[in-house]
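Sequential numbering from 5 applies to the sequence shown in our numbering.
Note that CB positions come from ideal geometry on N, CA and C, so glycine has one too.
A quick note: this is a predicted structure, and the numbers were derived from the prediction, not measured.
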Amino acid sequence: MGVLNVTPDSFSDGGRFTDPEQAVAHGLAMVAEGADIIDVGGESTRPGAEPVDEVEERRRVLDVVASLAGRVAVSIDTRHRSVAEAAVEAGATIVNDVSASLWPVAAASGVGWVAMHMQGDPRTMQVAPRYDDVVDDVVSFLLDRVDLARGAGVAEVWIDPGIGFGKTVEHNLSLLGRLADLVATGVPVLVGASRKGFLGTLLGGAPAEDRLEGSLAVAVWAAMCGVAMVRVHDVAATVRALRLVGDAAFVPATVRA
Ligand code: PMM
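1) Alpha carbon to alpha carbon, how far is D140 from D13?
2) Could you give the distance in angstroms between the alpha-carbon of L146 and the alpha-carbon of A257?
3) Who pairs with T82 in a beta bridge, going by DSSP?
4) Do V44 and V76 have their beta-carbon atoms positioned less than 8 Å apart in this structure?
5) Taking the straight line between their C-alpha atoms, what separation do you get for D23 and V10?
6) Could you say which of G250, L207, A197, D40 lies nearest to G236 if we only look at CA atoms?
7) Using CA atoms only, rank isn't needed, just tell me which of T97, E61, D67 is closest to S86.
8) Between G19 and the rest of its own chain, which residues show a CB-CB distance below 6 Å, the 5 nearest in sequence each way excluded?
9) Please report the straight-line C-alpha distance between G95 and A132, rounded to a whole angstrom.
10) If I measure Cβ to Cβ from A241 and keep anything under 7 Å in the same chain, skipping five residues before and after, which residues do I get?
11) Assuming the contact rule is C-beta atoms closer than 8 Å, F21 and L8 should be a hit. Round their C-beta distance to whole Å, please.
12) Taking 7 Å as the limit between beta carbons, can you name the residues of its chain near K200, skipping five residues before and five after?
13) Can you tell me whether A119 is buried or exposed? The criterion is at least 16 other CB atoms within 10 Å of its CB, across all chains shown.
14) In whole angstroms, what is the alpha-carbon distance linking S103 and D185?
15) So for M120, helix, strand or coil by DSSP?
16) On the criterion of 16 or more Cβ atoms from any shown chain inside 10 Å, does S2 qualify as buried, or is it exposed?
17) Assuming M5 contacts A27 (C-beta within less than 8 Å), just tell me the rounded distance between them.
18) Go through the region 194-243 residue by residue and report every complete run of the alpha helix (DSSP H) that reaches 4 residues or more, in order.
19) Output needed for P126: all residues of its chain with C-beta closer than 6 Å, excluding positions within five of it in sequence on either side, in chain order.
20) In whole angstroms, give me the CA-to-CA distance for V193 and V187.
21) Where does V109 sit, in a helix, a strand or coil, going by DSSP?
22) Mind pulling the alpha helix (DSSP H) runs of 4 or more residues that sit fully within the region 33-76?
23) Determine the closest residue to V161 out of L72, V99, V59, with distance taken between C-alpha atoms.
24) Can you give the beta carbon distance from A153 to A112, rounded, assuming they're within the 8 Å contact cut?
25) List in chain order: all unbroken beta strand (DSSP E) runs of 3+ residues lying wholly within the region 159-194.
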């Protein structure tokens, strides 16, 4: 899944793709690099971000979704019902829902749905995140949401631990270390760690544009844990890394499968 943030203020690519033509071109470039899905978002959810007016969010994303849909599978990254509905109308086939609350939109329109875990909201989520056991808490939250969505008739459901959303570095590492627990639920798992802040911390303070090795390491680790999809900015490098490991003779066939 290639990240296409049509926002002025996302932490790593904010402001680069606010022009719809540039955004579509970047989306198609990621497809050429090997992305299967383009994830279009019009509201930054970075820590501390202020909410965006839904009219403005729709204005940012709809033309881009409409241009890309039909050429590639498009997901809409939003926590707002009206944005999800309009994007599906424009051709998006997955609602990538960082609020884990929009399954009724997916149920009503017959599209896929990603339930991502977040503690709190983007403005305050990094202030003092707390869990009993972060992995158990996240898994049980997500499984509750999966039941609700499936009960409402959503056929394609994904779960995502929400790396960086109300989580300390230790919380993120616990979730990544126990990705097998999420995979064991049997629900396909999506992980988005690309260029995130905890990688900067682990890489000795590296800025967002200098976290490629960390992003690739996590993508490869996630795939080897059985994660079905990774959400990334650096599509070409990620596809190369995943193919290298997936095709490499040193990886036992049982692990590759
Ligand atoms: N992370 C961001 C935005 N949307 N969606 C899912 N499903 N999982 C994520 O981890 C996720 C997301 C924030 O990252 P960005 O600002 O680089 O888009």
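Based on what the coordinates show:
1) Here the question's residue 140 lines up with position 136 in the sequence shown. Here the question's residue 13 lines up with position 9 in the sequence shown. Cα-Cα distance, rounded: 33 Å.
2) On the sequence shown, position 142 is the one that residue 146 refers to. On the sequence shown, position 253 is the one that residue 257 refers to. Between L146 and A257, the C-alpha separation is close to 30 Å.
3) Here the question's residue 82 lines up with position 78 in the sequence shown. D101, per the DSSP bridge assignment.
4) Counted from its first residue, the sequence shown places residue 76 at position 72. Counted from its first residue, the sequence shown places residue 44 at position 40. 8 Å or more divides the Cβ of V76 from the Cβ of V44.
5) For the purposes of this step, residue 23 is taken as the residue at position 19 of the sequence shown. For the purposes of this step, residue 10 is taken as the residue at position 6 of the sequence shown. Between D23 and V10, the C-alpha separation is close to 8 Å.
6) Position 232 of the sequence shown, counted from the start, is the residue given in the question as residue 236. A quick correction: the sequence has Val, not Gly, at residue 236. The option with the nearest alpha carbon to V236 is A197.
7) If you number the sequence shown from 1, residue 86 lands on position 82. The shortest C-alpha to C-alpha distance from S86 to any of T97, E61, D67 is the one to E61.
8) Mapped onto the sequence shown, residue 19 falls at position 15. These residues qualify, in order along the chain: P12.
9) Counting from 1 along the sequence shown, the entry for residue 95 is found at position 91. Counting from 1 along the sequence shown, the entry for residue 132 is found at position 128. Distance between the alpha carbons of G95 and A132: 38 Å.
10) The sequence position of residue 241 within the sequence shown is 237, counting from 1. Spatial neighbours of A241 in its own chain (CB-CB distance under 7 Å, excluding positions within 5 residues in sequence) are listed in chain order as L216, L220.
11) Locating residue 21 in the sequence shown gives position 17, counting from the first residue. Locating residue 8 in the sequence shown gives position 4, counting from the first residue. Yes, they are in contact, since the Cβ atoms of F21 and L8 sit about 6 Å apart, within 8 Å.
12) Within the sequence shown, numbered from 1, the residue matching residue 200 stands at position 196. Cβ neighbours of K200 beyond the five flanking positions: I167, G168.
13) Indexing the sequence shown from 1 puts residue 119 at position 115. A119 should be labelled buried.
14) Here residue 103 corresponds to residue number 99 of the sequence shown, with the count starting at 1. Here residue 185 corresponds to residue number 181 of the sequence shown, with the count starting at 1. Roughly 21 Å between the two C-alpha positions.
15) Translated into the one-based positions of the sequence shown, residue 120 becomes position 116. When DSSP states are grouped into helix, strand and coil, M120 belongs to the strand group.
16) The question about residue 2 has no answer, for the chain in this structure spans 5 to 261.
17) As a working note, residue 5 is residue 1 in the sequence shown. As a working note, residue 27 is residue 23 in the sequence shown. About 16 Å; that fails the 8 Å criterion.
18) The qualifying runs are 201-206, 216-228.
19) Here residue 126 refers to the residue found at position 122 of the sequence shown. Hits under 6 Å: T49, A53.
20) Reading the sequence shown from its first residue, position 189 is the one you call residue 193. Reading the sequence shown from its first residue, position 183 is the one you call residue 187. Approximately 6 Å, taken between the alpha carbons.
21) Position 105 of the sequence shown, counting from 1, holds the residue named residue 109. V109: helix per DSSP, three-state reduction.
22) Counting only runs of 4 or more, we get 58-72.
23) Residue numbering aside, residue 161 sits at position 157 when the sequence shown is read from its first letter. With distances taken between Cα atoms, V161 lies closest to V99.
24) As a position in the sequence shown, residue 153 is number 149, starting the count at 1. As a position in the sequence shown, residue 112 is number 108, starting the count at 1. Taking C-beta atoms under 8 Å as the contact rule, A153 and A112 fail to qualify, at a distance of about 12 Å.
25) The region 159-194 is shown to contain whole beta strand (DSSP E) runs of 3 or more residues at 161-164, in chain order.
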